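Asker: First the structure, then my questions, so here it is.
What follows is the structure, encoded as structure tokens:
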């Protein structure tokens, strides 16, 4: 068994895309953070998806029919659905793990 650390190219291959559903301004800053960590940005439930980040309005059903349909599709595929706060916490931890101290 090897204890070698994978290079950035190997880590990049593991990361998938993130779907953002909603219109909250909070999604914009979070999108920048997540893309900065090397994840892609998807607008549909296609490809290698890591998760979906959904604002509270969409979760409460205050959304367009297209947003609701996308959320249903994401859930049917078993892709994790994160609230904005959950995603902020999850990806902030990832940022701390890769940032030099």
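Numbering (the working numbering), first residue to last: 17 to 117. Glycine included, every Cβ here is placed at the ideal spot set by N, Cα and C. Since this is a predicted model, take the numbers as computed values, not measurements.
Mind checking residue 93: buried by the 16 CB within 10 Å criterion, or exposed?
Answerer: Exposed.
Asker: Go ahead and pull the three-state DSSP assignment for residue 58.
Answerer: DSSP places residue 58 in strand when its eight states are reduced to three.
Asker: What did DSSP end up calling residue 37 once you bin it into helix, strand or coil?
Answerer: Reduced to three states, the DSSP call for residue 37 is strand.
Asker: Looking at C-beta atoms only, is the number of pairs between the region 81–91 and the region 32–46 that lie closer than 8 Å three or more?
Answerer: The region 81–91 is in contact with the region 32–46.
Asker: Which two residues bound the contiguous alpha helix (DSSP H) that contains residue 149?
Answerer: This structure leaves residue 149 out entirely; the chain is present only between 17 and 117.
Asker: Here's the rule: buried if 16 or more other CB atoms are within 10 angstroms of the residue's CB, otherwise exposed. What is residue 101?
Answerer: Result: exposed.
Asker: Less than 8 Å between the CB atoms is what I'm expecting for residue 98 and residue 79, so what's the real figure, rounded?
Answerer: Rounded, the Cβ-Cβ distance is 16 Å, inconsistent with contact.
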